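Trainee:
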Amino acid sequence: MFKLKEDRDYVALEKKYVFGTWRYEYTWKPLLIEEGKGCYFKDFKGKRYLDFSSQLMCSNLGHRSPKVLEALSEQANKLCYAAPSFATKPAAKLGEKLADITPGDLQKSFFSLGGAEANEAAIKIARLYTGKTKLISRYRSYHGATSGAIALTGDPRTHYAIGMPGIVRAPDCYCYRCPLGKEYPGCGISCVEYIDEIIRMEGEQSVAGVVVEPIVGSNGILVPPDEYMPRLREICNERDVLLIADEVMTGFGRTGKWFCMEHWDVVPDLMSMAKGLTGAFIPLGATIARKKIAKFFDQEGNLFCHGHTYAMHPLCCAVALAAIQEYIDKNLIENASKMGAVLGKRLNELKEDHASVGDVRGKGLFWGVELVKNRKTKEPFVTRREKFQPNTLKKISVAAMERDVYIVNVINTLIIAPPLIVKEEQIDKGIQVLDKAIEIADKECK
Ligand SMILES: Cc1ncc(COP(=O)(O)O)c(C=O)c1O
Numbered sequence: 001m002f003k004l005k006e007d008r009d010y011v012a013l014e015k016k017y018v019f020g021t022w023r024y025e026y027t028w029k030p031l032l033i034e035e036g037k038g039c040y041f042k043d044f045k046g047k048r049y050l051d052f053s054s055q056l057m058c059s060n061l062g063h064r065s066p067k068v069l070e071a072l073s074e075q076a077n078k079l080c081y082a083a084p085s086f087a088t089k090p091a092a093k094l095g096e097k098l099a100d101i102t103p104g105d106l107q108k109s110f111f112s113l114g115g116a117e118a119n120e121a122a123i124k125i126a127r128l129y130t131g132k133t134k135l136i137s138r139y140r141s142y143h144g145a146t147s148g149a150i151a152l153t154g155d156p157r158t159h160y161a162i163g164m165p166g167i168v169r170a171p172d173c174y175c176y177r178c179p180l181g182k183e184y185p186g187c188g189i190s191c192v193e194y195i196d197e198i199i200r201m202e203g204e205q206s207v208a209g210v211v212v213e214p215i216v217g218s219n220g221i222l223v224p225p226d227e228y229m230p231r232l233r234e235i236c237n238e239r240d241v242l243l244i245a246d247e248v249m250t251g252f253g254r255t256g257k258w259f260c261m262e263h264w265d266v267v268p269d270l271m272s273m274a275k276g277l278t279g280a281f282i283p284l285g286a287t288i289a290r291k292k293i294a295k296f297f298d299q300e301g302n303l304f305c306h307g308h309t310y311a312m313h314p315l316c317c318a319v320a321l322a323a324i325q326e327y328i329d330k331n332l333i334e335n336a337s338k339m340g341a342v343l344g345k346r347l348n349e350l351k352e353d354h355a356s357v358g359d360v361r362g363k364g365l366f367w368g369v370e371l372v373k374n375r376k377t378k379e380p381f382v383t384r385r386e387k388f389q390p391n392t393l394k395k396i397s398v399a400a401m402e403r404d405v406y407i408v409n410v411i412n413t414l415i416i417a418p419p420l421i422v423k424e425e426q427i428d429k430g431i432q433v434l435d436k437a438i439e440i441a442d443k444e445c446k
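Going by the numbering used here, the first residue of the sequence shown is number 1, and it counts up by one from there.
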């Protein structure tokens with residue numbers, strides 16, 4: 001049998017044989033990592049790093065969980081795979097559990113393998129249920145890399161993709177740089193009111209749904225004012241359009257509630273999830289629909305024409321059930337809220353000490369630090385066009401890694417989102433390192 005030799009250069013090997021994600025292959029200089037536990041991961045030399053962004057804002061339970069591992073092994077010893085035409089206990093139980101923990105009358109789920117697939121299912125369900133085709137999404141958004149999901153996406157990754165027709169873009173809810181040139185609260189939240197105008201101009205009879213990240217994630221942690229989501233719910237009700245919440249990043253306690261939409265008591269018609277659903281230990285996506293939509297597909301003649309070989313995968317469903325139990329047993333939603341308040345306070349203090357910190361925004365353990373060269377002009381360090389180029393924010397992430405802390409950067413914002421198990425002393429360590437690393441940007445301020 002072919003055996004990899006332990007002394008091989010695995011970085012070179014991966015670089016040669018494995019494509020990456022969203023990168024110029026020739027610039028990829030990764031760290032080889034081998035182990036993870038709690039809020040930390042280790043590289044191949046045994047050096048330990050504090051994970052201050054939960055990898056891709058997904059390792060909500062930290063990097064190891066004996067309980068989840070036990071559930072995985074128990075299920076693997078019974079049944080590893082079943083065609084989705086069979087029923088399995090893990091899928092049935094997970095469906096019931098999600099109906100229980102999601103808001104309102106969200107009831108029936110479809111299980112896929114990740115966020116993009118969860119959104120593909122949402123697109124299809126919305127179109128089948130309404131009989132309409134157009135979908136509204138916003139520019140600063142990311143919904144996944146597959147055709148439908150990337151078409152919904154409005155961020156710079158869309159510039160390299162051919163999506164699908166039928167997507168209409170709405171203005172962002174980005175108070176720090178309002179696309180309508182207004183200021184909250186005098187703006188009357190024109191950005192959401194304009195969605196009403198879009199629906200009317202596109203034709204209510206042709207718009208199936210509005211898709212939003214409740215707090216925009218990888219486009220800068222954009223938190224809407226409290227009136228935004230309730231008003232969007234009203235508009236969707238009035239115009240008979242579905243409200244679709246992409247909670248792939250914001251779900252499972254990340255913002256201090258099970259689901260972000262709960263901050264505003266808003267129940268979407270469809271909700272997509274992934275990432276924290278399994279604590280990212282194993283892939284799984286879910287799309288949950290309200291009772292009225294479930295009922296529609298229960299009627300004779302209404303075909304649910306969607307599926308994947310790995311839909312309702314029993315191993316993944318069993319892991320998700322165990323992960324959800326971990327959130328409950330360890331009070332992690334509460335911890336996210338409590339530690340989130342500490343993190344938010346510390347980040348706002350950083351703003352006072354650093355000229356380059358333009359804006360600090362977030363909820364729970366989901367925070368963004370946006371950097372500017374000048375606070376008055378708000379000139380960014382990195383523009384959308386420069387997302388994939390070497391830039392100051394990438395330098396800051398590298399400097400933080402040199403001090404043993406992993407921090408994700410996206411365009412012009414650093415994302416601070418530690419695992420939900422984080423403790424105050426770990427927040428302090430992360431902030432200390434960030435404090436030092438941001439000096440790189442301070443030096444470039446005008
Ligand atoms: C809000 C949101 N939706 C969808 C996705 C896509 O998820 P996946 O990468 O699992 O396909 C992401 C990924 O980061 C996301 O942040």
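Idealized CB from N, CA, C, for every residue including glycine.
Predicted model, so just to flag it, every value in this text is computed and none were measured.
Grab me the residues of Tyr139's own chain with a C-beta within less than 6 Å of its C-beta, minus the 5 sequence neighbours each way, in chain order.
Mentor: Within the sequence shown, numbered from 1, the residue matching residue 139 stands at position 139. The answer, listed in chain order, is Gly154, Arg169 and Asp172.
Trainee: Work out the CA separation of His159 and Val398 for me, nearest whole Å.
Mentor: For this step, residue 398 is matched to residue 398 along the sequence shown. For this step, residue 159 is matched to residue 159 along the sequence shown. Distance between the alpha carbons of Val398 and His159 is about 26 Å.
Trainee: Using the C-alpha atoms, what's the distance from Gly368 back to Ile221?
Mentor: Residue 221 sits at position 221 when you count from the first residue of the sequence shown. Residue 368 sits at position 368 when you count from the first residue of the sequence shown. If I take the Cα positions, the gap works out to 5 Å.
Trainee: Against chain B, with Cβ distances strictly below 8 Å, would Leu434 count as a contact?
Mentor: Absence of chain B from the displayed structure is noted, only one protein chain being present.
Trainee: Would you call the stretch 276-286 and the stretch 51-62 touching, i.e. three or more CB-CB distances under 8 Å?
Mentor: Enough Cβ pairs lie closer than 8 Å, so yes.
Trainee: Between the C-alpha atoms of Ile235 and Gly203, what's the straight-line distance to the nearest angstrom?
Mentor: Locating residue 235 in the sequence shown gives position 235, where the first residue counts as 1. Locating residue 203 in the sequence shown gives position 203, where the first residue counts as 1. So the two alpha carbons sit approximately 14 Å from each other.
Trainee: Threshold first: 3 residues or longer. Then list the beta strand (DSSP E) segments lying entirely within the stretch 129-216, N to C.
Mentor: 134-138, 167-170 and 207-212
Trainee: Compare the Cα-Cα distances from Gly285 to each of Phe304, Cys317, Lys295 and Asp269 and report the closest residue.
Mentor: If you number the sequence shown from 1, residue 285 lands on position 285. Of the listed residues, the one whose Cα sits closest to Gly285 is Cys317.
Trainee: By DSSP, does Asn391 sit in helix, in strand, or in coil?
Mentor: Here residue 391 refers to the residue found at position 391 when the sequence shown is read from its first residue. Note: Asn391 maps to coil in three-state DSSP.
Trainee: Taking 7 Å as the cut-off, is the beta-carbon of Gly144 closer than that to any non-hydrogen atom of ligand 1?
Mentor: Walking along the sequence shown from the start, residue 144 turns up at place 144. Under cutoff, so the answer is yes.
Trainee: Under 7 Å from any heavy atom of ligand 1, does the C-beta of Met249 make it?
Mentor: The sequence position of residue 249 within the sequence shown is 249, counting from 1. It does: the Cβ of Met249 is within 7 Å (strictly closer) of some heavy atom of ligand 1.
Trainee: In the DSSP assignment, find the alpha helix (DSSP H) that holds Ser356 and state where it starts and stops.
Mentor: As a working mapping, residue 356 is identified with position 356 in the sequence shown. Run containing Ser356: none; DSSP gives neither H nor E here.
Trainee: Please classify Asn412: does DSSP put it in a helix, a strand, or coil?
Mentor: The sequence position of residue 412 within the sequence shown is 412, counting from 1. Here Asn412 sits in coil by DSSP.
Trainee: Is the distance from the Cβ of Asn412 to the Cβ of Phe381 below 8 Å?
Mentor: The residue given as residue 412 occupies position 412 in the sequence shown. The residue given as residue 381 occupies position 381 in the sequence shown. When the beta-carbon positions are compared, Asn412 and Phe381 come within less than 8 Å of each other.
Trainee: In its own chain, which residues sit with a C-beta less than 8 Å from the C-beta of Lys394, not counting the 5 before and 5 after it?
Mentor: The count along the sequence shown starts at 1 and reaches residue 394 at position 394. Excluding sequence neighbours, Lys394 sits near Asn409.
Trainee: Can you tell me where the beta strand (DSSP E) with Gln107 in it begins and where it stops?
Mentor: Start at 1 with the first residue of the sequence shown, and residue 107 comes out as number 107. From DSSP, the beta strand (DSSP E) with Gln107 extends over Leu106 to Ser112.
Trainee: Is it right to say Lys291 is buried, meaning 16 or more other beta carbons lie within 10 angstroms of its own, or is it exposed?
Mentor: Position 291 of the sequence shown, counting from 1, holds the residue named residue 291. Per the 10 Å Cβ criterion, exposed.
Trainee: Would you mind reading off the limits of the beta strand (DSSP E) that contains Glu35?
Mentor: Position 35 of the sequence shown, counted from the start, is the residue given in the question as residue 35. First-last of the beta strand (DSSP E) with Glu35: Ile33 to Lys37.
Trainee: May I ask whether a heavy atom of ligand 1 can be found less than 7 Å away from the beta carbon of Ser218?
Mentor: For this step, residue 218 is matched to residue 218 along the sequence shown. Flag set: Cβ of Ser218 near ligand 1.
Trainee: Per the DSSP calculation, Pro273 is bridged to which residue(s)?
Mentor: Counted from its first residue, the sequence shown places residue 273 at position 273. Inspection of the sequence shows that residue 273 is occupied by Met rather than by Pro. For Met273, which the question treats as bridged, DSSP gives the partners Ala286.
Trainee: For a test of the three-state rule: what should DSSP assign to Lys363, helix, strand or coil?
Mentor: To locate residue 363, count along the sequence shown from 1; it is residue 363. Residue state, collapsed to three classes: strand.
Trainee: Within 10 Å of its beta-carbon, does Tyr81 have 16 or more other beta-carbons around it, so buried, or fewer, so exposed?
Mentor: Within the sequence shown, residue 81 is the residue found at index 81, counting from 1. It counts as exposed.
Trainee: Rounded C-beta distance between Asp43 and Tyr406? I'm assuming under 8 Å.
Mentor: Numbered from its first residue, the sequence shown carries residue 43 at position 43. Numbered from its first residue, the sequence shown carries residue 406 at position 406. The pair is not a contact, with the Cβ atoms about 11 Å apart (cut-off 8 Å).
Trainee: Who are the Cβ neighbours of Pro230 in its own chain at under 8 Å, not counting the five residues just before and after it?
Mentor: On the sequence shown, residue 230 is found 230 positions in, with the first residue counted as 1. Only Trp264, Asp265 and Val266 meet the Cβ criterion.
Trainee: Just the C-alpha distance for Pro30 and Tyr40, rounded to the nearest angstrom, thanks.
Mentor: Along the sequence shown, read from residue 1 onward, the residue named residue 30 stands at position 30. Along the sequence shown, read from residue 1 onward, the residue named residue 40 stands at position 40. Roughly 17 Å between the two C-alpha positions.
Trainee: Please report the straight-line C-alpha distance between Val357 and Leu69, rounded to a whole angstrom.
Mentor: Numbered from 1 along the sequence shown, position 357 holds the residue referred to as residue 357. Numbered from 1 along the sequence shown, position 69 holds the residue referred to as residue 69. Taking the straight line from one Cα to the other gives about 41 Å.
Trainee: Asp246: beta carbon under 7 Å from a heavy atom of ligand 1?
Mentor: In the sequence shown, the residue the question calls residue 246 occupies position 246. Yes, the Cβ of Asp246 comes within 7 Å of a heavy atom of ligand 1.
Trainee: For Pro380, name the three-state secondary structure that DSSP assigns.
Mentor: Residue 380 sits at position 380 when you count from the first residue of the sequence shown. Three-state DSSP puts Pro380 in a strand.
Trainee: For Gly344, name the three-state secondary structure that DSSP assigns.
Mentor: Sequence index remark: in the sequence shown, residue 344 carries index 344 (1-based). Helix.
Trainee: With burial defined as no fewer than 16 other Cβ atoms inside 10 Å of the residue's Cβ, what is the status of Thr250: buried or exposed?
Mentor: Counted from its first residue, the sequence shown places residue 250 at position 250. Result: buried.
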